[in-house]
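Q:
Numbering (this note's numbering), first residue to last: 1 to 398.
1. Would the beta-carbon of residue 433 fall within 8 angstroms of that of residue 44?
2. Between residue 71 and residue 83, what straight-line distance do the alpha-carbon atoms span, to the nearest angstrom?
3. If we count Cβ pairs, one from each stretch, closer than 8 angstroms, do we get three or more for the segment 242-249 versus the segment 135-148?
4. Exposed or buried, what is residue 258 when buried is set at 16 or more other beta-carbons lying within 10 Å of its beta-carbon?
5. Report the residue from 321, 329 and 146 whose alpha carbon sits nearest the alpha carbon of residue 335.
6. For residue 250, does the three-state DSSP call read helix, strand or coil?
7. For residue 379, write down the residues that DSSP places opposite it in a beta bridge.
8. If you count every other CB in all the chains shown that lies within 10 Å of the CB of residue 197, and 16 or more means buried, which is it?
9. Looking at C-alpha atoms only, which residue of 223, 92 and 325 is the closest neighbour of residue 184?
10. Starting from residue 316, trace the alpha helix (DSSP H) both ways and give me its first and last residue.
11. Enumerate in chain order the residues of its own chain whose CB-to-CB distance from residue 218 is below 7 angstroms, with the five nearest sequence positions on each side excluded.
12. Just to confirm, are residue 353 and residue 298 a CB contact at a threshold of 8 angstroms?
13. Tell me which same chain residues have a C-beta within less than 6 angstroms of the C-beta of residue 107, skipping the five on either side of it?
14. Excluding sequence positions up to five away, which residues of its chain have a Cβ less than 7 angstroms from the Cβ of residue 359?
15. Closest by CA to residue 344, which one among 325, 365 and 270?
16. Measure the Cβ-Cβ separation of residue 194 and residue 152 and say whether it is below 8 angstroms.
17. Using only the alpha-carbon positions, how far apart do residue 376 and residue 368 sit?
18. Closest to residue 271 by CA distance: which of 120, 191 and 169 is it?
19. Along the chain, where does the alpha helix (DSSP H) containing residue 47 start, and where does it finish?
20. Since residue 317 contacts residue 331 with CB under 8 angstroms, what's their CB separation in whole angstroms?
21. On the CB-based measure, 16 or more other CB atoms within 10 Å of its CB, does residue 307 come out buried or exposed?
22. Please list, in chain order, all residues of the same chain as residue 145 whose beta carbon is under 6 angstroms from its beta carbon, the five residues on each side excluded.
23. DSSP on residue 78, reduced to helix/strand/coil?
24. For residue 123, which of 264, 391, 51 and 397 has the nearest alpha-carbon?
25. Kindly indicate the opening and closing residues of the beta strand (DSSP E) around residue 126.
26. Leaving out five residues on either side along the sequence, give the residues of the same chain with a beta carbon under 6 angstroms from the beta carbon of residue 388.
27. Run the CB neighbour count on residue 289, radius 10 Å, all protein chains shown included, and call it buried at 16 or more, exposed below.
28. Can you look up residue 187 in the DSSP assignment and give me helix, strand or coil?
29. Tell me, to the nearest whole angstrom, how far the beta carbon of residue 79 is from that of residue 115; I am working on the premise that it is less than 8 angstroms.
30. Quick one: what does DSSP say residue 281 is sitting in, helix, strand or coil?
31. Using only alpha-carbon positions, find the residue among 121, 39, 256 and 186 that is nearest to residue 402.
32. To the nearest angstrom, report how far apart residue 274 and residue 265 are at their CA atoms.
33. Round the Cβ separation of residue 305 and residue 312 to the nearest angstrom and send it over; I've been treating them as touching at under 8 angstroms.
34. Would you identify the three-state DSSP class for residue 95, choosing helix, strand or coil?
35. For the beta strand (DSSP E) that residue 241 lies in, which residues bound it at each end?
36. What residue ranges within the segment 126-151 form continuous alpha helix (DSSP H) runs of no fewer than 4 residues, ordered along the chain?
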C-alpha cells in the first residue's frame with residue numbers, strides 16, 4: 001500500500017489542473033460568486049480552483065446537510081453524497097437537505113435535488129450505498145477531501161483509516177445534545193482520528209442523537225464549520241483545525257480548542273501497521289470479551305408471548321416526556337439515570353424485557369441488571385419505535 005499525504009495529493013491535483021485545459025467560469029458563475037471572488041486572497045483563480053475540486057460527504061443527515069449546501073453554493077465542482085437511508089419525518093428538524101414531501105424517499109436523491117436547485121453548475125453524485133470496507137477506498141480515492149457526517153463509531157474509524165491510506169484529508173464532526181466537535185484529520189503532519197480516540201468506547205456507553213436528542217441548529221453549526229475547513233483546505237487559506245479539536249457548547253455559547261498531538265505509535269498514521277481495512281463493526285462492538293452479552297427479543301416475538309399469557313415484566317428506561325408520548329401496556333417506567341444509579345426493585349427471578357426508543361439505552365440497562373445478579377433479562381430489539389412499526393401502529397412514533 002502506497003501512502004500519499006493529503007498535501008501531496010492536493011498539490012499534485014492543482015499542478016495537473018494547471019497543465020490541463022482551464023475550467024474557466026461562465027458568465028452566470030461570475031455573477032453568482034461575485035461576493036466571494038472579491039475576497040483578495042481568493043479571486044477568480046481561487047474560484048476556478050473550487051470548480052476543479054471535489055468533496056465526498058458521507059452521510060446526508062444533520063452534518064452532511066449544511067456542509068453539502070454551503071459547498072454547493074460556494075462552487076465546489078463535484079460533490080459526492082453517500083448514504084443508504086431514507087428520509088424520515090424525525091430527520092426534518094435538523095436535516096435541511098430534505099423537505100416534508102421527501103419523507104420515504106432516498107436521502108441521496110433528495111440531496112441531489114436540493115443541491116442542484118441551489119447551484120446547477122455543481123455536479124452532484126448521489127450514491128445510495130453504505131460505506132464499507134469493500135468500497136471505502138474506491139469512494140475516498142475519487143475525491144479530494146472527505147467530510148465525515150456519520151453518527152457511528154465503526155464508520156468513523158473506517159473513514160479515518162481509508163483517508164490515511166489514500167492521503168485524503170478527513171474533516172470530522174460530531175454532535176451530542178447541545179455540544180459539538182470539529183477537527184481535521186489525516187493530513188501530512190497532523191494526527192488522525194485514532195490519535196485522539198485509540199479505541200472505541202464501550203458498547204452502549206455513548207448514545208446517538210436518536211436516543212440522546214440534539215438541538216436542531218447544532219448540526220447546522222457544526223456542519224457549516226466542516227464546510228469552512230473543506231474550503232480552506234482546497235484553497236490553502238488560513239489555519240485549519242489540523243492538530244486541534246474545536247469544542248462547541250451552544251448552551252454557554254462557548255468555543256474552545258484543545259491540542260491533539262500525532263501519536264508516533266498510532267497504527268494508522270504513525271507506524272502504518274493498518275494497511276488493510278478491517279471489520280470495524282467487530283472492532284467497535286466485540287473488542288472487549290469481558291462485556292456481558294445481552295439476549296434480545298424481537299417485538300413480534302414479545303407480542304406473541306404476551307398474547308399467550310407469558311409472565312413478562314416490561315421495563316421502560318426512557319425519559320418521562322417520552323413516556324407521555326407513547327408506552328407499552330403494563331410497562332414500568334424507570335429512567336436510565338435512575339436505573340444505573342442503583343439496583344432496581346425488581347424480582348430477581350422475573351422474566352424481564354427492557355426497552356427504550358431504539359434499543360441502545362435499554363441494552364445498557366439490561367447489562368446493568370445482568371451484572372447485578374438478574375438472570376432472565378432481554379433487550380427489545382429496535383425499541384418501542386420498531387414495536388410501533390411492526391406490531392402496533394397505534395403506539396405513537398416520535
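Glycine residues also receive a C-beta, built at the ideal position from the N, C-alpha and C atoms.
A: So, to answer that:
1. Outside the shown range of the chain, which is 1 to 398, sits residue 433, and nothing can be said about it.
2. 17 angstroms
3. no
4. exposed
5. 321
6. coil
7. 296 and 354
8. exposed
9. 223
10. First-last for residue 316: 313-316, but that is the beta strand (DSSP E), not the alpha helix (DSSP H).
11. 175, 178, 180 and 250
12. no
13. 60, 83, 85 and 87
14. 379, 380, 381, 382 and 383
15. 365
16. no
17. 12 angstroms
18. 191
19. 43-52
20. Rounded, the Cβ-Cβ distance is 10 angstroms, inconsistent with contact.
21. exposed
22. 55, 169, 230 and 233
23. strand
24. 51
25. 123-127
26. 395 and 397
27. Bear in mind that a pLDDT of 41 at residue 289, under 50, signals an unreliable position, so the number given afterwards is only what the model happens to contain. Residue 289 is exposed by the Cβ-count criterion.
28. coil
29. 7 angstroms
30. helix
31. Outside the displayed range of the chain (1 to 398) lies residue 402, so it cannot be described from this structure.
32. 12 angstroms
33. 6 angstroms
34. coil
35. Element bounds for residue 241: n/a, residue is neither H nor E.
36. 136-141
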